[in-house]
Amino acid sequence: MARTAEGLLEMRGISIAFPGVQALDGADFTASAGRAHALIGANGAGKSTLMKVLAGAYGHYAGEIRIDGRTVNIRTPGDAKAHGIQVVYQEVDTALVPNLSVGENIMMEKLVHEMKGRHLVRWGEMHRAAEDVLGRLEVRIPTRKRAAELTLAEKQMVLIARAMTTDCRFLILDEPTAPLSRAETERLFRLIRLLKSRGTGIIFISHRLPELYEICEDITVMRDGRVVARGRLPDMTQQQIVEHMLGSKWEGQFPRRSNKPGRVLFEAKDIRDGGKVKGVSLFIRAGEIVGLAGLVGAGKSELCRALFGASGTVAGEMTLNGRRLAIGSPHDAVRSGLALVPEERRREGVFVDETVTANLTVATLSRYTRLGAWLSAAKEREAAGGIISRLGVKTPGGGARVANLSGGNQQKIAIGKWLLADADVYLFDEPTKGVDVGAKRDIYELVAGLAERGKGVLYATGELPEIMGLTDRVYVMYDGRIVRELITARTSEDEIMLYSTGGTGT
Amino acid sequence: MKTKNAAAWPGGFRLSDWLYKYGTLLTIVLLVLIFGASTDHFFSNSNLVNILRSISIVTIIATGLTVSLAVGGFDLSVGSTASVACAVCVSMFVWYGQPLWAGIAAALLAGLVVGLVNAFLVTRFKIQDMLMTLATMFVFQGLALTYSRGATISENMILPGGDFATGQIPDAFRLLGRVPWIIIIMLVVVLAVHLFLNYTKYGRYMYMIGGNPEAAKLSGIPVNRYRLAAYVISALLAGLGGIVLGARVGSAEVNAGSPYLMEAVAAAFIGFSVFGAGKPNALGTFAGAVLIGVLSNGLIMLSVPYYAMDIVKGGVLAAALAITYIRGRH
Numbered sequence: 146m147a148r149t150a151e152g153l154l155e156m157r158g159i160s161i162a163f164p165g166v167q168a169l170d171g172a173d174f175t176a177s178a179g180r181a182h183a184l185i186g187a188n189g190a191g192k193s194t195l196m197k198v199l200a201g202a203y204g205h206y207a208g209e210i211r212i213d214g215r216t217v218n219i220r221t222p223g224d225a226k227a228h229g230i231q232v233v234y235q236e237v238d239t240a241l242v243p244n245l246s247v248g249e250n251i252m253m254e255k256l257v258h259e260m261k262g263r264h265l266v267r268w269g270e271m272h273r274a275a276e277d278v279l280g281r282l283e284v285r286i287p288t289r290k291r292a293a294e295l296t297l298a299e300k301q302m303v304l305i306a307r308a309m310t311t312d313c314r315f316l317i318l319d320e321p322t323a324p325l326s327r328a329e330t331e332r333l334f335r336l337i338r339l340l341k342s343r344g345t346g347i348i349f350i351s352h353r354l355p356e357l358y359e360i361c362e363d364i365t366v367m368r369d370g371r372v373v374a375r376g377r378l379p380d381m382t383q384q385q386i387v388e389h390m391l392g393s394k395w396e397g398q399f400p401r402r403s404n405k406p407g408r409v410l411f412e413a414k415d416i417r418d419g420g421k422v423k424g425v426s427l428f429i430r431a432g433e434i435v436g437l438a439g440l441v442g443a444g445k446s447e448l449c450r451a452l453f454g455a456s457g458t459v460a461g462e463m464t465l466n467g468r469r470l471a472i473g474s475p476h477d478a479v480r481s482g483l484a485l486v487p488e489e490r491r492r493e494g495v496f497v498d499e500t501v502t503a504n505l506t507v508a509t510l511s512r513y514t515r516l517g518a519w520l521s522a523a524k525e526r527e528a529a530g531g532i533i534s535r536l537g538v539k540t541p542g543g544g545a546r547v548a549n550l551s552g553g554n555q556q557k558i559a560i561g562k563w564l565l566a567d568a569d570v571y572l573f574d575e576p577t578k579g580v581d582v583g584a585k586r587d588i589y590e591l592v593a594g595l596a597e598r599g600k601g602v603l604y605a606t607g608e609l610p611e612i613m614g615l616t617d618r619v620y621v622m623y624d625g626r627i628v629r630e631l632i633t634a635r636t637s638e639d640e641i642m643l644y645s646t647g648g649t650g651t
Numbered sequence: 033m034k035t036k037n038a039a040a041w042p043g044g045f046r047l048s049d050w051l052y053k054y055g056t057l058l059t060i061v062l063l064v065l066i067f068g069a070s071t072d073h074f075f076s077n078s079n080l081v082n083i084l085r086s087i088s089i090v091t092i093i094a095t096g097l098t099v100s101l102a103v104g105g106f107d108l109s110v111g112s113t114a115s116v117a118c119a120v121c122v123s124m125f126v127w128y129g130q131p132l133w134a135g136i137a138a139a140l141l142a143g144l145v146v147g148l149v150n151a152f153l154v155t156r157f158k159i160q161d162m163l164m165t166l167a168t169m170f171v172f173q174g175l176a177l178t179y180s181r182g183a184t185i186s187e188n189m190i191l192p193g194g195d196f197a198t199g200q201i202p203d204a205f206r207l208l209g210r211v212p213w214i215i216i217i218m219l220v221v222v223l224a225v226h227l228f229l230n231y232t233k234y235g236r237y238m239y240m241i242g243g244n245p246e247a248a249k250l251s252g253i254p255v256n257r258y259r260l261a262a263y264v265i266s267a268l269l270a271g272l273g274g275i276v277l278g279a280r281v282g283s284a285e286v287n288a289g290s291p292y293l294m295e296a297v298a299a300a301f302i303g304f305s306v307f308g309a310g311k312p313n314a315l316g317t318f319a320g321a322v323l324i325g326v327l328s329n330g331l332i333m334l335s336v337p338y339y340a341m342d343i344v345k346g347g348v349l350a351a352a353l354a355i356t357y358i359r360g361r362h
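Those protein sequences? They're chains F and U, same order as listed. Under the working numbering, the letters of the first sequence match residues 146 to 651, in that order. Under the working numbering, the letters of the second sequence match residues 33 to 362, in that order.
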């Protein structure tokens, strides 16, 4: 090392294998104090694994980690923390104790590790210390509030504050912006800039490329467990980053569509559900992709669930093919020819402990039986195998557990079960959330293919480019109501955003 | 420490995984070898039959419990349900002089009612299954006691009116509690539930519900209907356990079924891991029951005093469970 290695974090030739997978294969990574480093890659590229190695979550890797030019031995989370490495994982709820106050959550490291000889908690002192930390970060959250009452963005802030109570030199943020609104993202970025100015090195994982340019100086792109590109971020365009991620030229993200929508297939009138859906009427034509735009909290998910009968408190009227539907439960909805691909994939979409085959056949299980209820493994395998190859699901086979697949492939499975069901109307709720670029394109093609075959599609998303690129018509939701119906070809992202934020546009 | 060990094995072999899959069976084999070596009669045919006979009632009840566990529930009332069924069945013969079929039918009907009550409460109210069935456990235990007026129901018992009960327990009924029928009933139950859970549509749905109820609901599975079915099956099998218990003892003792609850729970939980199933399963539950049965039997043969038995039994169970859950990664 000729240069001064002060404030430098280096990972060299990191390799790690899990049964059946070489997750990392000689990956190199460097981050420096006071700078933000973007770590990018498709799902399953190995970026989370690399960061888990750094955080001490896996002890059995090969390779070397150096800080300030000195080799350090990080094999446990304790080692990582001792060297000033802190992580805020995407699932913030797993790191917070919901029943404790914000103050206790922030000061947790201290409460756990620095109570030597003391047995009583001095509440006043603890809350003052927590307020201090928040004050330094210029974040305003009452420290006596219960963590369970916080918004997601606030929970992240609390976790970052907790990291700051220790001697944190490098902070890893794992997809922090995925669930945040624009305003919340701004606030997070302000905080990150503040931390950088104080010399903390930030490692920033995200799927949203545009925002990286606002906050990061350096970038490392990973693919298949290896580092495929790195450098200064301003020197790389989004197009180049995507090409590195995919490993091939990336052309036209959205599929070309040729079919014309036909007659009205599905119609909903005055759908109401609690305070979340306030009298929504909409219709979907055969072969039409209808966008459902709106910000987080506008009621898109609630509307999808209401149409699918997933909430027990829905009022309103629905017709499919001119037939009135009585939908009191998802069971009825499926029988009537509706399908829902829910937003929370792992919680609502797939069965992670079951096999790929069992996941794909669950909605249509009656078809793979003999003598009434006796399951035929061969029929199941055949049906699942067809979907696996049709959707290009990357899995060792139909018998693999879904938990071992990447997010994009899990999503393909959540969608795949409905392809087998051959429904008439498909409701998609943020189907590309947390999915890598390659799988995204597969999903777009799939959705377009459904429309091609005369199915009706309702596509709820907060990503405006998806609305513009994929849909024929858009409903804009705001505060539980549809405030505008627009023809996609005759609108713009700006106009949709205007109505999504409650603008009236007259 | 554990992960380092695991990494040292070539070919992806992990000791913890192996133990997870075969730990229970290994424990059984070890216990059999130890008992076989240290006692004379352990390996005799009659003793092996004896072990199977001794676990049959626990196994029948535990298999029902396994079904409730499969849907992500937990039926703590199985012991009380067995008591109710036992009391109803024997009383049919002794108090009312009913024939064999009527006694059994009445007991199963009682089980069915218990199952429906449990299922109704569990699916209607959003209370944890374990807590809800803890409550119903007391209720049904109390009902069984009240029904039998706090006394053992047996032939020639003195009735509250001062007369003797005149009804006779049919010989065919007693046969159910004897070898080979008691063992055959157990094996049929285990096999039937195994086939049901693993090879039918309904069993698949139940496992899906147990794995992720929300995803199951959104996949169009009528979740509550299957949860109801699981609790009914659980109660019916507990009822069958109670019937066999009555046949075995020839009377309905006070709270006869209660002691079976904890052993049934232990058997079902030990069974989670057998062959790496990772979920409640009938064959695993059977293996768990065999483990408990071998242990009790061997300890008796070693003349361990009855009052010290629970110490050893609990210790070995803890060890078996530790091996079972060794794969506590994440």
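Just so it is clear, CB atoms sit at the ideal spot from N, CA and C, and this is done for glycine as well. In this text the structure is predicted, and so the values were computed from the model without any measurement.
C-beta contact flag for residue i and residue j at 8 Å
| i | j | result |
| --- | --- | --- |
| Met-238(U) | Ala-94(U) | no |
| Val-336(U) | Ile-83(U) | no |
| Gly-111(U) | Leu-293(U) | yes |
| Val-266(F) | Ala-306(F) | no |
| Pro-321(F) | Leu-339(F) | no |
| Gly-115(U) | Ala-197(U) | Looking at the sequence provided, one finds Ser at residue 115(U) rather than Gly. Not closer than 8 Å, so no. |
| Ala-181(F) | Ile-350(F) | no |
| Ile-302(U) | Leu-353(U) | yes |
| Ala-176(F) | Gln-231(F) | no |
| Val-547(F) | Val-497(F) | yes |
| Arg-85(U) | Ile-185(U) | no |
| Ala-596(F) | Asn-404(F) | yes |
| Arg-206(U) | Gly-135(U) | no |
Reference residue i, options the options, closest by Cα
| i | options | result |
| --- | --- | --- |
| Ala-142(U) | Leu-132(U), Asp-195(U), Gln-160(U), Cys-118(U) | Cys-118(U) |
| Met-164(U) | Val-221(U), Phe-172(U), Leu-144(U), Val-154(U) | Val-154(U) |
| Val-297(U) | Leu-177(U), Lys-311(U), Gly-320(U) | Gly-320(U) |
| Ala-172(F) | Leu-615(F), Ala-183(F), Glu-493(F), Glu-155(F) | Glu-155(F) |
| Val-247(F) | Arg-273(F), Lys-261(F), Ile-230(F) | Arg-273(F) |
| Asp-369(F) | Ile-212(F), Lys-445(F), Arg-469(F), Ile-185(F) | Ile-185(F) |
| Val-486(F) | Asn-218(F), Val-257(F), Asp-574(F) | Asp-574(F) |
| Glu-359(F) | Val-372(F), Thr-345(F), Thr-330(F) | Thr-330(F) |
| Pro-312(U) | Ala-299(U), Val-322(U), Leu-323(U) | Ala-299(U) |
| Ala-341(F) | Ala-508(F), Gly-152(F), Glu-447(F), Val-547(F) | Ala is not the amino acid found at residue 341(F); the sequence shown has Lys there. The shortest Cα separation from Lys-341(F) among Ala-508(F), Gly-152(F), Glu-447(F), Val-547(F) belongs to Gly-152(F). |
| Ala-187(F) | Trp-268(F), Val-582(F), Thr-509(F) | Val-582(F) |
| Ala-183(F) | Ile-317(F), Val-303(F), Gly-223(F) | Ile-317(F) |
| Gly-229(F) | Ser-645(F), Ala-634(F), Asp-312(F) | Asp-312(F) |
| Gly-129(U) | Asn-256(U), Ile-201(U), Gly-242(U), Met-162(U) | Ile-201(U) |
| Ile-89(U) | Val-61(U), Val-255(U), Leu-272(U), Leu-144(U) | Leu-272(U) |
| Lys-585(F) | Gln-555(F), Leu-245(F), Val-602(F) | Gln-555(F) |
Near the ligand HEM: residue i beta-carbon under 7 Å from a heavy atom
| i | result |
| --- | --- |
| Lys-414(F) | Annotation note on the ligand HEM: not contained in the displayed structure, which lists no ligands. |
Supposed close pair residue i, residue j - CB separation, criterion 8 Å
| i | j | result |
| --- | --- | --- |
| Gly-102(F) | Gly-543(F) | Past the edges of chain F, shown from 146 to 651, lies residue 102(F), and the structure says nothing about it. |
Within the chosen definition, does the stretch 415-423 of chain F reach the stretch 605-618 of chain F through at least 3 CB pairs nearer than 8 Å?
-> Verdict: no, contact absent.
What are the complete alpha helix (DSSP H) segments, minimum 4 residues, inside the stretch 234-288 of chain U?
-> List check, alpha helix (DSSP H) in window: 245-250, 255-281.
Hey, which unbroken runs of the beta strand (DSSP E) at 3 residues or more fall wholly within the stretch 246-319 of chain F?
-> Taken in chain order, the whole beta strand (DSSP E) runs of length 3 or more contained in the stretch 246-319 of chain F are 315-319.
At least 3 beta-carbon pairs within less than 8 Å: the stretch 512-523 of chain F vs the stretch 481-489 of chain F | Judged by Cβ distances under 8 Å, the stretch 512-523 of chain F makes no contact with the stretch 481-489 of chain F, as fewer than three pairs qualify.
How do the stretch 364-376 of chain F and the stretch 182-197 of chain F stand: do at least 3 beta-carbon pairs fall below 8 Å, yes or no?
-> By the Cβ criterion, the stretch 364-376 of chain F is in contact with the stretch 182-197 of chain F, since at least three pairs of Cβ atoms, one from each stretch, lie closer than 8 Å.
Sequence ranges, alpha helix (DSSP H) only - wholly within the stretch 356-431 of chain F, length at least 4 = Here the runs fully enclosed are 383-391.
Touch test, the stretch 449-464 of chain F against the stretch 394-413 of chain F, Cβ-Cβ under 8 Å, three pairs minimum | Enough Cβ pairs lie closer than 8 Å, so yes.
If you scan the stretch 282-328 of chain U from start to end, which runs of the alpha helix (DSSP H) of 4 or more residues do you find wholly inside it?
-> Correct list: 291-303.
Segment contact, 8 Å Cβ cut-off, at least three pairs: the stretch 265-279 of chain U with the stretch 119-139 of chain U | By the Cβ rule, the stretch 265-279 of chain U counts as touching the stretch 119-139 of chain U, because three or more pairs are nearer than 8 Å.
Is there contact here, the stretch 308-324 of chain F with the stretch 232-249 of chain F, by at least three beta-carbon pairs under 8 Å?
-> Using a C-beta cut-off of 8 Å, the stretch 308-324 of chain F makes contact with the stretch 232-249 of chain F, since at least three inter-stretch Cβ pairs fall below that distance.
At 4 residues or longer, and completely inside the stretch 490-558 of chain F: list those alpha helix (DSSP H) runs for me, N to C.
-> The stretch 490-558 of chain F is shown to contain whole alpha helix (DSSP H) runs of 4 or more residues at 501-506, 522-536, in chain order.
Count the C-beta pairs between the stretch 199-209 of chain F and the stretch 252-272 of chain F that are closer than 8 Å, then say yes if the count reaches three, no if not.
-> The stretch 199-209 of chain F is not in contact with the stretch 252-272 of chain F.
How about the stretch 431-449 of chain F and the stretch 612-619 of chain F: do they share at least three Cβ pairs that are nearer than 8 Å?
-> Touching, yes.
For the stretch 207-226 of chain U against the stretch 467-481 of chain F, are there 3 or more C-beta pairs whose distance is under 8 Å?
-> As far as the Cβ criterion goes, the stretch 207-226 of chain U does not touch the stretch 467-481 of chain F, which means the pair count is below three.
Any contact of the stretch 558-574 of chain F with the stretch 517-536 of chain F, i.e. 3+ C-beta pairs under 8 Å?
-> The stretch 517-536 of chain F and the stretch 558-574 of chain F touch, with three or more beta-carbon pairs separated by less than 8 Å.
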